[in-house]
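Novice: If you read the sequences in order, they're chains A and B.
Take any residue in the first sequence, count from 1 to its spot, add 221: that is its number in this note's numbering.
Take any residue in the second sequence, count from 1 to its spot, add 221: that is its number in this note's numbering.
Quick one: structure below, then a few questions.
2 protein chains.
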Amino acid sequence: MHSKVAVVGVGQTTFTRSCGISIRELCFEAFREAIDDARNLSTEDIDGLIICSAPEYDKQRSPAGLIAEYLGLNPKPTFLAEAICASSSVGARIAWSFIRSGLHKIVAVIGFQKMSELTSAESQERMLRGGDIMWESPFGSMMPAYYAMFARAHMNEYGTTEEQLAKIKVKSGMYSMMNPKAMYQKETTVEKIMNSKIVASPLKVFDCCANADGASCIILASEEVAEKISDTPVWITGLGLASAPLSLASRKTVSSLSCAVEARKQAYKMAGLKARDVDVAEVHDCFTIAEIMAYEDLGFCKRGEGGKLIDNEETYIGGKIPVNVDGGLLSKGHPVGATGGSQIRTIVQQLRGEAGKTQVADAETGLVHNIGGIGLYGSIMIFSR
Amino acid sequence: MHSKVAVVGVGQTTFTRSCGISIRELCFEAFREAIDDARNLSTEDIDGLIICSAPEYDKQRSPAGLIAEYLGLNPKPTFLAEAICASSSVGARIAWSFIRSGLHKIVAVIGFQKMSELTSAESQERMLRGGDIMWESPFGSMMPAYYAMFARAHMNEYGTTEEQLAKIKVKSGMYSMMNPKAMYQKETTVEKIMNSKIVASPLKVFDCCANADGASCIILASEEVAEKISDTPVWITGLGLASAPLSLASRKTVSSLSCAVEARKQAYKMAGLKARDVDVAEVHDCFTIAEIMAYEDLGFCKRGEGGKLIDNEETYIGGKIPVNVDGGLLSKGHPVGATGGSQIRTIVQQLRGEAGKTQVADAETGLVHNIGGIGLYGSIMIFSR
Chain A
222 MHSKVAVVGV GQTTFTRSCG ISIRELCFEA FREAIDDARN LSTEDIDGLI ICSAPEYDKQ
282 RSPAGLIAEY LGLNPKPTFL AEAICASSSV GARIAWSFIR SGLHKIVAVI GFQKMSELTS
342 AESQERMLRG GDIMWESPFG SMMPAYYAMF ARAHMNEYGT TEEQLAKIKV KSGMYSMMNP
402 KAMYQKETTV EKIMNSKIVA SPLKVFDCCA NADGASCIIL ASEEVAEKIS DTPVWITGLG
462 LASAPLSLAS RKTVSSLSCA VEARKQAYKM AGLKARDVDV AEVHDCFTIA EIMAYEDLGF
522 CKRGEGGKLI DNEETYIGGK IPVNVDGGLL SKGHPVGATG GSQIRTIVQQ LRGEAGKTQV
582 ADAETGLVHN IGGIGLYGSI MIFSR
Chain B
222 MHSKVAVVGV GQTTFTRSCG ISIRELCFEA FREAIDDARN LSTEDIDGLI ICSAPEYDKQ
282 RSPAGLIAEY LGLNPKPTFL AEAICASSSV GARIAWSFIR SGLHKIVAVI GFQKMSELTS
342 AESQERMLRG GDIMWESPFG SMMPAYYAMF ARAHMNEYGT TEEQLAKIKV KSGMYSMMNP
402 KAMYQKETTV EKIMNSKIVA SPLKVFDCCA NADGASCIIL ASEEVAEKIS DTPVWITGLG
462 LASAPLSLAS RKTVSSLSCA VEARKQAYKM AGLKARDVDV AEVHDCFTIA EIMAYEDLGF
522 CKRGEGGKLI DNEETYIGGK IPVNVDGGLL SKGHPVGATG GSQIRTIVQQ LRGEAGKTQV
582 ADAETGLVHN IGGIGLYGSI MIFSR
């Protein structure tokens, strides 16, 4: 009875500073690409649409309805799923469940954000409201400040260095040059990064990802359908989702994200795999330190050895476990609601052998690590061909 | 393999104009009541939390994480589901699917809104952004104006009268006096309603529901678990969810909600039932006209005969099909994200035989009709004991 669930189509707009089009057009672009990516699939075949966005950035209220109409999907059901930066991973989890439970056969998950709708001051106000507005935000804590704290803790506990952080961005810059949909397609050096302006010490401008406009779309289908509309279905074999306290005061550590560790356990267990079985991974590098923490939270190395992993170039193609070979959030840009879907797209293309210059040879199993908020929501998904 | 899914616990705060507590406390109150409503259930048994809210009303960004922490649910997964006024019905659909697909055993769905956080001007601004902000909202269209248009169309097409609209509110007022959790517990008369101030002709103040603060919680469980933690599990036997174009210009009619008609078909089909099998119903009476349209959209009477149904008191207890015997949105108040859960709570109590003075004798099958936005999202759920 329980059907396996596959990704049968993926699409993504180019991520840009300011897209200059409306959110409905932005979503259409990603949707169209995903429909075309499957074989003989048309709009009418989609029987559910999940829209993923951090709604604080939208001027349109309840964008799901607006977008469903523009895509020609009425009267198909639609709604919004939100977990800040992990929104489209949550959307994928719901879609998986809708198919697995027999409620739907083919579901489209569109993630988007048009962050350019807001002024810089408005963006900062939104970021502040991401912390506990009663007990933490009043003290001015914002995303870079939180992650700077995580970085300091990691440096204190494990001797991680600013140069190691910079090396994450060097890798990101290198691979972004092979990704035509990345916002920044620019190589960089440790020296340049070390000399860039400080945002929240030890994090500098190049240690931080940037606001962006963009949309992603993934189309999921049941096993019976997938075989008909895709030559290369990519199966979702593991799902993990967990939460952590919003307040930092309630966390046991800030050098690791407990939500990611918990979600990893669930996902590996469900897939029946271990860290060493993963051939290629996308991790949520909203800041350089976040990628190093992810290496450890995912078990790609021992606790505290994330810095060494990048020193030894083990997360480059050809290394032990290639990570973010599409440039990651740091270079692609981070249109909040679109990011999870973009990560899934990269892994699906890798497992299909369609990743071109950044193809990881014989990749059979891929992992997506997508974090929402200040390590508040952690989603881990495992894919196999 | 596919487990049946039951509601095993329901809870709701009193709906009020201004609750005077924080959103986390508001949600806790509903959650606690739902936990206590089940037998031998504790917080640790909950393995997933879905938060339902129209986030434009929240000052806290991404409230799901905040609430999960306050309820003591970390590291259990959580996120937000949104379909404006139908948010908690969508949450229930997702929870059903999570359980049916085997991902979870026991899921709590909390809907809330603290509308008193906003000034009246801010509320109005949010309401405007519920229409298409590019093509409709600039002309000043708001919820009462939209529903006034629906009422005019219904009056023109079927001869429905303002007195018939008023009779809906008379019924609502009467039953609200038996609901200690309703915001307004006041009987009223056709005369009083007819003489109340015009909001958007033909709708007057008493034809409209009011903004409110409140939270609801329903706890869903798999069949195996439900039998252990409830003496009176209420089964979800039918689910329907559909969308309609946001723009009125794209709709074929405005005297009926196509999303409700489509969702009804899905739900009746899944449950293997017809309209006449429903013993008690909760419908989305955001305005008096909305209840009359719902009678027809659900097949409780023929198209155009909704006015007659209330004339003949067929939707009172003892009539053909009792509707909104808890006072409905019109008298309970309408804290957007909480409404669907509150409707489900009423039906669950009816099917358990726990509805006290408003008990519909021998109620075996109940229906919840919950609409989001301007007839944008339609959710129909069917419950059986």
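A virtual CB, placed ideally from N, CA and C, is assigned to each residue, including glycine.
Grab me the residues of A/Leu-571's own chain with a C-beta within less than 6 Å of its C-beta, minus the 5 sequence neighbours each way, in chain order.
Specialist: Reading off the sequence, residue 571 of chain A comes out as Gln, not Leu. Val-501, Val-581, Ala-584, Gly-587, listed in sequence order.
Novice: Apply the 10 Å Cβ neighbour rule to B/Met-222 and answer buried if 16 or more other Cβ atoms are within range, or exposed otherwise.
Specialist: Its pLDDT being 47, under 50, B/Met-222 is placed unreliably by the model, and the measurement read from it follows with that caveat. It is exposed - the Cβ of B/Met-222 has fewer than 16 other Cβ atoms within 10 Å.
Novice: Check whether the Cβ atoms of A/Gly-562 and A/Gly-312 lie closer than 9 Å to each other.
Specialist: yes
Novice: What is the rounded straight-line gap between the Cα of B/Gln-385 and the Cα of B/Ile-531?
Specialist: 7 Å
Novice: Could you confirm whether any beta carbon from chain B is found closer than 9 Å to the beta carbon of A/Met-370?
Specialist: no
Novice: Any C-beta of chain A within less than 8 Å: which residues of the segment 278-306 of chain B qualify?
Specialist: Lys-280, Gln-281, Arg-282, Ser-283, Ala-285, Gly-286, Leu-287, Ala-289, Glu-290, Leu-294, Asn-295, Pro-296, Lys-297, Pro-298, Thr-299, Phe-300, Leu-301, Ala-302, Glu-303, Ala-304, Ile-305
Novice: Taking C-alpha atoms, which residue in B/Glu-303, B/Gly-594, B/Met-336, B/Leu-262 lies nearest to B/Asp-434?
Specialist: The shortest C-alpha to C-alpha distance from B/Asp-434 to any of B/Glu-303, B/Gly-594, B/Met-336, B/Leu-262 is the one to B/Met-336.
Novice: Against chain B, does A/Val-311 count as a neighbour if the rule is that its beta carbon must be under 9 Å from one of theirs?
Specialist: yes
Novice: Using 8 Å for Cβ pairs, my map puts A/Val-226 next to A/Leu-441. What's the rounded Cβ distance?
Specialist: 6 Å
Novice: Can you tell which of B/Val-475, B/Ser-443, B/Ala-465 has the C-alpha that lies nearest to the C-alpha of A/Phe-300?
Specialist: When only C-alpha atoms are compared, the closest one is B/Ala-465.
Novice: For chain A, find out if any of its Cβ atoms is closer than 9 Å to the Cβ of B/Ala-484; answer yes or no.
Specialist: yes
Novice: Within a Cβ cutoff of 6 Å, which residues of the same chain sit near A/Met-364, ignoring the five residues on either side of it in sequence?
Specialist: Here the set comprises Met-348.
Novice: Check B/Glu-412 in the structure and name its three-state DSSP category.
Specialist: helix
Novice: Can you round the beta-carbon distance between B/Ala-275 and B/Glu-303 to whole angstroms, since I take them to be within the 8 Å contact cut?
Specialist: 6 Å
Novice: What three-state label does DSSP hand A/Cys-306 in the structure shown?
Specialist: strand
Novice: Between A/Tyr-598 and chain B, is there a C-beta pair that is closer than 9 Å?
Specialist: A/Tyr-598 counts as touching chain B.
Novice: How should B/Arg-497 be labelled, buried or exposed, when 16 other C-beta atoms within 10 angstroms of its C-beta is the threshold for buried?
Specialist: exposed
Novice: Return the first residue and the last residue of the alpha helix (DSSP H) that A/Ile-531 is part of.
Specialist: 527-532
Novice: Go ahead and label B/Gly-361 buried or exposed: buried means 16 or more other beta carbons lie within 10 angstroms of its beta carbon, across all protein chains shown.
Specialist: exposed
Novice: Measuring CB to CB, does B/Lys-418 end up less than 9 Å from B/Lys-425?
Specialist: yes
Novice: State yes or no: is the C-beta of B/Ser-283 within less than 9 Å of the C-beta of A/Leu-597?
Specialist: Going by C-beta atoms, B/Ser-283 is nearer than 9 Å to A/Leu-597.
Novice: Considering Cα atoms alone, identify which of A/Ile-601, A/Ile-315, A/Met-355 is closest to B/Lys-280.
Specialist: A/Met-355
Novice: What distance in whole Å lies between the Cβ atoms of B/Gly-593 and B/Cys-306, which are believed to be in contact at a cut-off of 8 Å?
Specialist: Indeed, because the Cβ distance is near 5 Å, the residues count as touching under 8 Å.
Novice: What are the residues that DSSP puts in a beta bridge with A/Ile-242?
Specialist: Per DSSP, none; premise fails for A/Ile-242.
Novice: From A/Glu-383 to B/Ala-289, what does the alpha carbon distance come to, in whole angstroms?
Specialist: 34 Å
Novice: Would A/Gly-241 count as contacting chain B if we go by Cβ distances under 9 Å?
Specialist: It does not: the Cβ of A/Gly-241 has no partner Cβ on chain B nearer than 9 Å.
Novice: Is A/Asn-591 near A/Ser-309, with beta carbons less than 9 Å apart?
Specialist: yes
Novice: Drop a sphere of 10 angstroms on the beta-carbon of A/Ala-470, count the other beta-carbons inside from all chains shown, and report buried for 16 or more, exposed for fewer.
Specialist: In the assembly as shown, A/Ala-470 is an exposed residue. Its beta-carbon has fewer than 16 other beta-carbons within 10 Å.
Novice: Write down the C-beta distance between B/Ala-483 and B/Ala-515 rounded to the nearest angstrom, noting that I regard them as a contact closer than 8 Å.
Specialist: A small fix is needed here, since residue 483 of chain B is Glu in this sequence, not Ala. Not really, about 14 Å apart at Cβ, beyond 8 Å.
Novice: Going along the chain, which residues of its own chain have a beta-carbon closer than 7 Å to the beta-carbon of A/Phe-319, five neighbours each way excluded?
Specialist: Gly-269, His-325, Val-328
Novice: Distance cutoff 9 Å, beta carbons only. Does A/Ser-308 sit that close to anything in chain B?
Specialist: yes
Novice: Going by the CB atoms, is the gap between A/Gln-564 and A/Glu-503 shorter than 9 Å?
Specialist: yes
Novice: Pick helix, strand or coil for A/Asn-400, following the three-state DSSP scheme.
Specialist: coil
Novice: Need the endpoints of the alpha helix (DSSP H) that A/Asn-432 sits in, please.
Specialist: Where A/Asn-432 is concerned, there is no enclosing alpha helix (DSSP H), given that its DSSP letter is neither H nor E.
Novice: So which residues of chain B does A/Phe-319 contact, with C-beta pairs closer than 9 Å?
Specialist: Contact note: A/Phe-319 reaches chain B through Arg-314, Ile-315, Ser-318, Ser-322, using a C-beta cutoff of 9 Å and chain order.
Novice: Could you have a look at A/Ala-488 and say whether DSSP puts it in helix, strand or coil?
Specialist: helix
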